[in-house]
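Quick mapping for you: the protein sequence lines, in order, are chains A and B. Under our numbering, the first residue of the first sequence carries the number 146, and numbering increases by one thereafter. Under our numbering, the first residue of the second sequence carries the number 146, and numbering increases by one thereafter.
Protein chains: 2
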Amino acid sequence: MSTVRVLTEADLRDAVELGMEELEAIEAVYPLVTAGAGSMPPIMRIDVPENNGEIDIKSAFLPGYSGIAVKVSAGFFDNPARGLPSLGGLMMVFDSETGLPRSALFDNGYLTDLRTALAGAVAARHLARRDSDVVGIVGAGVQARLQLQALTLVREISEARVWARRGDSAMAFADEMSDLVGFGVQATESLPTLVESSDIVVTTTPATEPLLDAAMLHSGLHITAIGSDAEHKRELSADLVMAVDRFVCDSVTQSRRLGELRSALEAGFDESDAVELGAVIAGDAPGRRNDDHVTVCDLTGTGAQDTAIASLAVERAAARGLGTAFETRPM
Amino acid sequence: MSTVRVLTEADLRDAVELGMEELEAIEAVYPLVTAGAGSMPPIMRIDVPENNGEIDIKSAFLPGYSGIAVKVSAGFFDNPARGLPSLGGLMMVFDSETGLPRSALFDNGYLTDLRTALAGAVAARHLARRDSDVVGIVGAGVQARLQLQALTLVREISEARVWARRGDSAMAFADEMSDLVGFGVQATESLPTLVESSDIVVTTTPATEPLLDAAMLHSGLHITAIGSDAEHKRELSADLVMAVDRFVCDSVTQSRRLGELRSALEAGFDESDAVELGAVIAGDAPGRRNDDHVTVCDLTGTGAQDTAIASLAVERAAARGLGTAFETRPM
Numbered sequence: 146m147s148t149v150r151v152l153t154e155a156d157l158r159d160a161v162e163l164g165m166e167e168l169e170a171i172e173a174v175y176p177l178v179t180a181g182a183g184s185m186p187p188i189m190r191i192d193v194p195e196n197n198g199e200i201d202i203k204s205a206f207l208p209g210y211s212g213i214a215v216k217v218s219a220g221f222f223d224n225p226a227r228g229l230p231s232l233g234g235l236m237m238v239f240d241s242e243t244g245l246p247r248s249a250l251f252d253n254g255y256l257t258d259l260r261t262a263l264a265g266a267v268a269a270r271h272l273a274r275r276d277s278d279v280v281g282i283v284g285a286g287v288q289a290r291l292q293l294q295a296l297t298l299v300r301e302i303s304e305a306r307v308w309a310r311r312g313d314s315a316m317a318f319a320d321e322m323s324d325l326v327g328f329g330v331q332a333t334e335s336l337p338t339l340v341e342s343s344d345i346v347v348t349t350t351p352a353t354e355p356l357l358d359a360a361m362l363h364s365g366l367h368i369t370a371i372g373s374d375a376e377h378k379r380e381l382s383a384d385l386v387m388a389v390d391r392f393v394c395d396s397v398t399q400s401r402r403l404g405e406l407r408s409a410l411e412a413g414f415d416e417s418d419a420v421e422l423g424a425v426i427a428g429d430a431p432g433r434r435n436d437d438h439v440t441v442c443d444l445t446g447t448g449a450q451d452t453a454i455a456s457l458a459v460e461r462a463a464a465r466g467l468g469t470a471f472e473t474r475p476m
Numbered sequence: 146m147s148t149v150r151v152l153t154e155a156d157l158r159d160a161v162e163l164g165m166e167e168l169e170a171i172e173a174v175y176p177l178v179t180a181g182a183g184s185m186p187p188i189m190r191i192d193v194p195e196n197n198g199e200i201d202i203k204s205a206f207l208p209g210y211s212g213i214a215v216k217v218s219a220g221f222f223d224n225p226a227r228g229l230p231s232l233g234g235l236m237m238v239f240d241s242e243t244g245l246p247r248s249a250l251f252d253n254g255y256l257t258d259l260r261t262a263l264a265g266a267v268a269a270r271h272l273a274r275r276d277s278d279v280v281g282i283v284g285a286g287v288q289a290r291l292q293l294q295a296l297t298l299v300r301e302i303s304e305a306r307v308w309a310r311r312g313d314s315a316m317a318f319a320d321e322m323s324d325l326v327g328f329g330v331q332a333t334e335s336l337p338t339l340v341e342s343s344d345i346v347v348t349t350t351p352a353t354e355p356l357l358d359a360a361m362l363h364s365g366l367h368i369t370a371i372g373s374d375a376e377h378k379r380e381l382s383a384d385l386v387m388a389v390d391r392f393v394c395d396s397v398t399q400s401r402r403l404g405e406l407r408s409a410l411e412a413g414f415d416e417s418d419a420v421e422l423g424a425v426i427a428g429d430a431p432g433r434r435n436d437d438h439v440t441v442c443d444l445t446g447t448g449a450q451d452t453a454i455a456s457l458a459v460e461r462a463a464a465r466g467l468g469t470a471f472e473t474r475p476m
């Protein structure tokens with residue numbers, strides 16, 4: 146009567162991937178977020194200072210979706226010394242009609258990685274020049290890899306560059322990704338050179354001081370900033386945000402608190418000049434207005450995206466019989 | 146390497162029950178809450194007005210506990226028309242050293258029922274007269290039953306009375322509980338009579354208007370108010386709260402927002418007269434000072450209790466090999 150499906154990371158990697166259907170599932174939620182449809186409470190955070198850790202909880206109810214995802218993300222930064230990854234977590238999905246638990250997704254952060262990468266592709270789809278073919282990736286971790294792959298869903302990419310704080314990480318990224326994406330990926334030691342030669346730049350770092358500033362901008366550039374999702378993080382200088390033709394973000398509320406908007410507002414940026422990606426997708430606000438414009442999209446990540454990717458994963462898993470079903474109520 | 150244990154309601158009923166060890170696990174957290182030890186963020190709520198539902202999330206990190214529970218409670222009030230219970234939910238437990246998920250507890254609210262009942266017993270243990278032997282229960286649902294049972298852990302109860310809005314529910318409660326507890330339980334149609342003849346009164350209703358007022362009080366009475374856990378609920382009149390000798394609550398912050406303190410403060414009650422149960426347990430504040438005093442304890446329920454009961458359940462389940470273990474990381 147009350148069945149819960151348990152899905153492991155392996156099941157979820159079978160169920161959803163970096164594909165167009167997944168991209169469109171993510172794209173569809175931005176207009177809902179911007180319209181204020183459904184209910185998306187602020188992120189809940191449990192600090193565990195004793196162990197240099199924190200747990201963040203995101204959730205959203207979206208009208209028309211059969212599931213409500215509750216995502217728990219754990220970041221415990223002493224883990225690498227124990228041979229464990231710093232980041233982890235899981236999602237649970239509840240039936241939006243009855244509130245009954247439907248699924249536990251032990252994804253170890255895979256669904257977040259996926260929906261974050263797809264969000265970058267959605268941003269580029271709506272904001273980057275149509276003829277963008279050179280990508281610059283800042284950072285060389287898991288999300289950097291996924292961002293580059295995801296961009297190939299929406300633009301004909303012919304070349305990529307990568308910069309990372311550690312040069313050896315950038316070299317490894319270039320080697321691996323060249324094989325994977327089927328075009329040249331080069332490591333560079335100069336961030337200004339990377340930006341100069343790219344049509345689309347994606348920043349994916351945990352930086353706490355700006356990496357990119359206004360002096361690096363050039364005509365036609367699009368930048369997607371993925372890294373900043375906490376009060377102390379930032380990747381773009383305030384003068385860069387002030388200088389671009391269009392500043393877009395997934396959620397003004399979140400960008401103001403956790404994203405690039407925070408420092409820009411302090412420096413005098415006018416909040417009413419910030420546009421949400423949902424408004425651009427819905428056609429309610431212009432994004433890029435010509436090929437010379439410089440655009441930025443700041444993505445902090447929303448519970449709505451979690452609900453979208455988790456709903457898709459649960460539907461696919463059920464259709465394909467993935468995972469293990471439990472009867473949770475005693476007979 | 147990264148194993149998660151899945152426990153169903155049946156497993157959890159095997160693991161933890163209304164016992165003294167469980168009671169002491171719950172009791173131990175109140176002083177931590179009052180001391181501000183650990184981290185207990187405000188309750189997160191996702192409203193689902195389309196389906197007359199809401200999801201509440203509670204959590205707490207407590208120093209010295211190996212697990213951090215994240216509890217998701219669902220209340221969907223059109224469910225009974227579908228033959229489903231209104232209330233449900235689950236808990237997840239994360240390792241407090243590494244943040245890794247350790248357990249998913251598909252308890253359908255059992256652990257919440259249990260820790261709430263035990264909290265009532267803890268309140269009576271510290272606030273009711275030692276010779277209290279007559280209990281009055283207001284409400285006749287699951288929590289009403291558990292409260293009566295839990296009180297037998299801490300006081301020699303010889304008699305109980307029950308009042309409910311629906312007389313037939315009270316009659317059914319009296320019949321069933323007389324058999325279960327081994328002493329007489331009588332249904333009454335008069336709430337003033339119930340209070341008049343009781344040493345301990347426990348209110349367990351979803352009332353939105355006061356059921357008990359100052360005129361009903363008598364020397365030596367202790368009242369535990371369980372029902373109010375939301376902005377629109379209340380069981381005690383403001384004049385009752387003003388009239389008692391000691392007003393205790395599990396969390397002043399929560400009682401002010403969700404509990405009985407809210408209306409009392411509006412009516413002029415001095416917040417500095419509210420004492421937390423943790424301070425009474427720790428001996429930092431007096432509870433009842435003599436046998437004539439009238440005491441009240443308002444319990445809104447805290448994430449700390451969830452962490453305490455879930456930690457105990459997970460330890461017991463692991464020791465006894467209950468549930469199903471999943472390897473969540475791909476090999």
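For glycine and all other residues, C-beta sits at the position ideal for the given N, C-alpha and C. In this text, all values refer to a predicted model and were calculated from it rather than measured experimentally.
Contact under 8 Å by Cβ, residue i with residue j
{"i": "P475(B)", "j": "E154(A)", "result": "yes"}
{"i": "S396(A)", "j": "T445(A)", "result": "yes"}
{"i": "N197(A)", "j": "D223(A)", "result": "yes"}
{"i": "G284(A)", "j": "T349(A)", "result": "yes"}
{"i": "V279(A)", "j": "S343(A)", "result": "yes"}
{"i": "A309(B)", "j": "L291(B)", "result": "no"}
{"i": "E167(A)", "j": "L457(A)", "result": "yes"}
{"i": "P186(B)", "j": "L235(A)", "result": "no"}
{"i": "V459(A)", "j": "V151(B)", "result": "no"}
{"i": "E172(B)", "j": "I426(B)", "result": "yes"}
{"i": "L163(B)", "j": "A295(B)", "result": "yes"}
{"i": "G244(A)", "j": "G220(B)", "result": "yes"}
Beta bridge counterpart(s) of residue i as assigned by DSSP
{"i": "A205(B)", "result": "A214(B)"}
{"i": "D240(A)", "result": "G212(A)"}
{"i": "H150(A)", "result": "Looking at the sequence itself, residue 150(A) is Arg, so the reference to His does not match. Per DSSP, S248(A) and A470(A)."}
{"i": "F392(B)", "result": "A419(B) and V441(B)"}
{"i": "E304(B)", "result": "V279(B) and G329(B)"}
{"i": "E167(A)", "result": "Answer by DSSP bridge pairing: none, since E167(A) is not bridged."}
{"i": "E199(B)", "result": "D192(B) and G220(B)"}
{"i": "T350(A)", "result": "According to DSSP, which records beta bridges pairwise, T350(A) is partnered with nothing at all."}
{"i": "A370(B)", "result": "T348(B) and D443(B)"}
Length of the line joining the Cα atoms of residue i and residue j
{"i": "T148(A)", "j": "A462(A)", "result": "14 Å"}
{"i": "R274(B)", "j": "I188(A)", "result": "43 Å"}
{"i": "V347(B)", "j": "Q399(B)", "result": "19 Å"}
{"i": "D276(B)", "j": "V238(B)", "result": "39 Å"}
{"i": "I368(A)", "j": "S184(A)", "result": "29 Å"}
{"i": "E334(A)", "j": "V161(B)", "result": "59 Å"}
{"i": "A180(A)", "j": "V217(A)", "result": "25 Å"}
{"i": "E341(B)", "j": "D156(B)", "result": "41 Å"}
{"i": "E416(B)", "j": "L272(B)", "result": "19 Å"}
{"i": "E448(B)", "j": "K203(B)", "result": "Contrary to the premise, residue 448(B) reads as Gly rather than Glu in this sequence. Taking the straight line joining both Cα atoms gives about 5 Å."}
{"i": "D429(B)", "j": "F414(B)", "result": "22 Å"}
{"i": "Y255(B)", "j": "A170(A)", "result": "35 Å"}
{"i": "L293(B)", "j": "D258(B)", "result": "13 Å"}
{"i": "G329(B)", "j": "E321(B)", "result": "11 Å"}
{"i": "D443(A)", "j": "V393(A)", "result": "6 Å"}
{"i": "D436(A)", "j": "A269(A)", "result": "13 Å"}
{"i": "V386(A)", "j": "V267(A)", "result": "20 Å"}
{"i": "A332(A)", "j": "A388(A)", "result": "27 Å"}
{"i": "E380(B)", "j": "D418(B)", "result": "19 Å"}
Per-residue DSSP class, three states only, for residue i
{"i": "V340(A)", "result": "helix"}
{"i": "P194(A)", "result": "helix"}
{"i": "S323(B)", "result": "helix"}
{"i": "A273(A)", "result": "coil"}
{"i": "A458(B)", "result": "helix"}
{"i": "L406(A)", "result": "helix"}
{"i": "L232(A)", "result": "strand"}
{"i": "L356(B)", "result": "coil"}
Cβ-based neighbour list, residue i, same chain, cut-off 6 Å, excluding 5 preceding and 5 following
{"i": "A383(A)", "result": "S408, A409 and A412"}
Cβ neighbours of residue i in the same chain (closer than 7 Å, five flanking residues each side left out)
{"i": "T452(B)", "result": "A205, L207, Y210, G212, I213 and A214"}
Sequence-distant residues of the same chain with beta carbon closer than 8 Å to residue i, five excluded per side
{"i": "R434(A)", "result": "D390 and R391"}
{"i": "L336(B)", "result": "V283, W308, L356, L357 and M361"}
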